[in-house]
Amino acid sequence: MLDSAAKAFFHLLAQSKTLKTLGSRYGMRRRESFARRFIAGEDVQEAIEAARAVEARGLTHTLDLLGESVTTLDGAYDATRQYVDVIAAIEKSGIGRGISLKLTQLGLDVDKATAVDNLRRILEHAEPADFFVRIDMENSPYTDVTLEIFETLWGYGHRRIGVVLQSALYRSEQDVAHVNALGASVRLVKGAYKEPKSVAYQRKADVDAAYLRMAKTLLADGHQPAIATHDVTMIEAVKQWARERNIAADRFEFQMLYGIRRDLQSKLVHDGYRMRVYIPFGREWFPYFMRRLGERPANVLFVARGILGEGD
Ligand SMILES: Cc1cc2nc3c(=O)[nH]c(=O)nc-3n(C[C@H](O)[C@H](O)[C@H](O)COP(=O)(O)OP(=O)(O)OC[C@H]3O[C@@H](n4cnc5c(N)ncnc54)[C@H](O)[C@@H]3O)c2cc1C
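Each residue of the sequence shown is one higher than the last, beginning at 2 in the numbering used here.
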C-alpha cells in the first residue's frame, strides 16, 4: 500500500481530463494495451471471455461494469439499463452469476430514491436468475448511505446482496458486527480511497491490524465472508486462524482483482480454498485504473513502458 500522500496524488491525477483523454486513446485499444492488465475490455463479451478463462483455472468471478460518480438522472438510468443487459448477457453465456456495482453509478449523487429504485430494478432481474449482487463501497462520505440502502433492501427481503467494508475506517469494526448480526455477507477490503485522519487510519500497520481483527470476526460470526486482499501476510494469517479453529474452507472465500497476483490466486485454489476474481470492464475504466496505479508504484513503470511501446 502506498502512503497516503501518494494515494492522494493519484486521486488528483484521476480527475485530469487530459490524462483521461490520453489514457482512453491508448489504454485499451489493442489486446496488449497497458490498461488491459487490470481491465478485461470495454464490452461485456470481452468480460465474459475473461470470465471463461478465470473459470478454466478453477476460480469464480464477479463482473463489474465500471462507472461511478454519475451526475445526471439520464446517466443513472443508462447505467441501470446497461446492468440489466449485462445480466442477460451473462445468463445467456452460461458463466457464473455474480456482479458488483457502485451506488453513485446508479445516481446516488443526483437523487437517493432514484438510486434505490435503480438498484431494485437490477435486483428484479438478478435475483430470479440467482445472481449475487455485491454493492461496492466508495469513499467515506458514502459509507453511511451505502449501508443504509443495503440494510433497507435487506429489510425488504432481498437476500442475494452483500456489502463491502474497509478496514481503513475506524467505524468498520462496528459495522462488521452490525452486518454479521443481520446475517448478510461482507467483502472485507483495506480501502482504496484517500481518507482523512478524522475517519481513517493513516498507517499501513494500523490498517492491516484492523483488517486481521475484522477478518477473524467475519470468519467466526460472518456469513460467507469474502476476504479480499492480495496481501500474503493477511492471507496466511487468515488461513492459519481458520485452521486452528476448524473453520472449513467453504465457509469463506478469498477475492482478488483481475490482473493482480494470478500466481497466488491459482495457488489458493490448488490448496483447496475458494477464490473469486473481480473482473472490471467497460468504457469508464479510468478512475478504477488510477486507483490501481496509486496502490503500487511499480505499476506506473509498467504503464509508462506500455505507452512508449504504443506509438500512434
Ligand atoms: C475483490 C476486491 C474488491 C474490492 N472492492 C473494493 C471496494 O468495494 N471498495 C474499496 O474501497 N476497495 C475495494 N478493493 C480494493 C482494496 O480496498 C485495496 O485497495 C486493494 O485490494 C489493495 O490492497 P491489498 O489488500 O491488496 O493490500 P496492499 O497492502 O495494498 O497490497 C499487498 C500486496 O498486493 C499486491 N498489490 C496490491 N495492489 C496492487 C496493484 N494495484 N497492482 C499490483 N499489485 C498489487 C502487491 O504485491 C502488494 O504488496 C477491492 C479489492 C479486491 C481484491
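By construction, the Cβ of each residue, glycine as well, lies at the ideal position given by its N, Cα and C atoms.
Distance, Cα to Cα, residue i vs residue j?
| i | j | result |
| --- | --- | --- |
| Ala-116 | Ala-227 | 25 Å |
| Leu-302 | Leu-294 | 10 Å |
| Val-200 | Leu-124 | 31 Å |
| Tyr-202 | Lys-93 | 44 Å |
| Arg-343 | Ile-261 | Absent from the structure is residue 343, since the part of the chain shown begins at 2 and ends at 313. |
| Leu-219 | Val-177 | 7 Å |
| Glu-285 | Glu-139 | 16 Å |
| Thr-19 | Ala-36 | 16 Å |
| Gly-273 | Val-111 | 44 Å |
| Ala-185 | Asp-44 | 31 Å |
| Ser-17 | Arg-38 | 21 Å |
| Ala-210 | Glu-237 | 14 Å |
| Lys-191 | Arg-82 | 31 Å |
| Pro-298 | Gly-68 | 24 Å |
| Leu-3 | Val-278 | The pLDDT assigned to Leu-3 is 48, lower than 50, so where the model puts this residue is not dependable; a value taken from the coordinates is nonetheless given after this. Roughly 22 Å separates the two Cα atoms. |
| Thr-234 | Asp-75 | 44 Å |
| Arg-98 | Ala-130 | 8 Å |
| Asp-264 | Ala-114 | 43 Å |
| Leu-107 | Gln-46 | 22 Å |
| Asn-181 | Ala-250 | 19 Å |
| Arg-160 | Leu-183 | 11 Å |
| Val-304 | Arg-32 | 14 Å |
| Phe-287 | Ala-15 | 7 Å |
| Thr-153 | Phe-132 | 19 Å |
| His-1 | Leu-166 | Nothing can be reported for residue 1: it is not among the residues displayed for the chain, which extend from 2 to 313. |
| Gly-312 | Ser-34 | At Gly-312 the pLDDT is 44, less than 50, meaning the model places this residue with poor confidence and gives no usable figure here. |
| Arg-246 | Lys-217 | 10 Å |
| Ala-57 | Arg-204 | 38 Å |
Residue i: beta carbon under 8 Å from a heavy atom of ligand 1?
| i | result |
| --- | --- |
| Ile-162 | no |
| Val-165 | yes |
| Asn-300 | yes |
| Ile-123 | no |
| Lys-191 | yes |
| Met-235 | yes |
| Leu-294 | yes |
| Tyr-279 | yes |
| Ser-101 | yes |
| Lys-205 | yes |
| Arg-37 | no |
| Leu-104 | no |
| His-271 | no |
| Ile-261 | yes |
| Met-138 | yes |
| Ala-227 | yes |
| Leu-258 | yes |
| Thr-230 | yes |
| Asp-145 | no |
| Tyr-194 | yes |
| Tyr-212 | yes |
| Arg-320 | As shown, the chain starts at 2 and ends at 313. That puts residue 320 outside it, with no answer to give. |
Compare the C-alpha of residue i against each of the options and name the closest.
| i | options | result |
| --- | --- | --- |
| Ile-162 | Arg-30, Phe-151 and Val-208 | Phe-151 |
| Val-187 | Glu-174, Lys-195 and Ser-199 | Glu-174 |
| Ala-52 | Gln-16, Tyr-78, Val-304 and Ala-90 | Ala-90 |
| Asp-222 | Ala-243, His-126, Gly-99 and Asp-65 | Ala-243 |
| Val-87 | Val-134, Lys-205, His-231 and Ile-248 | Val-134 |
| Asp-198 | Ala-169, Gln-106 and Pro-281 | Contrary to the premise, residue 198 reads as Lys rather than Asp in this sequence. When each option's Cα is compared against that of Lys-198, the closest is Ala-169. |
| Ile-280 | Lys-268, Leu-258, Ala-206 and Tyr-27 | Leu-258 |
| Ala-193 | Ala-127, Lys-268, Gly-158 and Tyr-289 | Tyr-289 |
| Ser-70 | Lys-103, Thr-63, Ala-127 and Thr-61 | Lys-103 |
| Tyr-78 | His-271, Leu-109, Ala-206 and Asp-65 | Leu-109 |
| Thr-105 | Asp-137, Val-85 and Phe-11 | Asp-137 |
In the DSSP assignment, find the alpha helix (DSSP H) that holds residue i and state where it starts and stops.
| i | result |
| --- | --- |
| Ser-267 | 263 to 271 |
| Ala-243 | 233 to 245 |
| Leu-213 | 205 to 222 |
| Gly-163 | Premise fails: Gly-163 lies in the beta strand (DSSP E), 162 to 167, not in any alpha helix (DSSP H). |
Which stretch, first to last residue, makes up the beta strand (DSSP E) that contains residue i?
| i | result |
| --- | --- |
| Ile-150 | Where Ile-150 is concerned, there is no enclosing beta strand (DSSP E), although the alpha helix (DSSP H) it sits in stretches over 144 to 156. |
| Glu-125 | Premise fails: Glu-125 lies in the alpha helix (DSSP H), 113 to 127, not in any beta strand (DSSP E). |
| Gly-178 | Note that residue 178 corresponds to Ala in the displayed sequence, not to Gly. Per DSSP, Ala-178 belongs to no beta strand (DSSP E); it is in the alpha helix (DSSP H), 173 to 183. |
| Leu-189 | 186 to 190 |
| Gln-256 | 254 to 258 |
| Val-134 | 133 to 136 |
| Ala-229 | 227 to 229 |
Consider the C-beta atom of residue i and the heavy atoms of ligand 3; say whether any pair is separated by less than 8 Å.
| i | result |
| --- | --- |
| Asp-209 | What this structure holds is ligand 1, not ligand 3. |
(request) Write down every uninterrupted run of the alpha helix (DSSP H) in the region 29 to 103 whose length is 4 residues or greater and which is fully enclosed by it, in chain order. (result) 45 to 57 and 74 to 94
(message) My parser needs the alpha helix (DSSP H) runs of 4 or more residues fully inside the region 274 to 310; what are they?
(response) Runs of the alpha helix (DSSP H) inside the region 274 to 310: 287 to 296 and 299 to 309.
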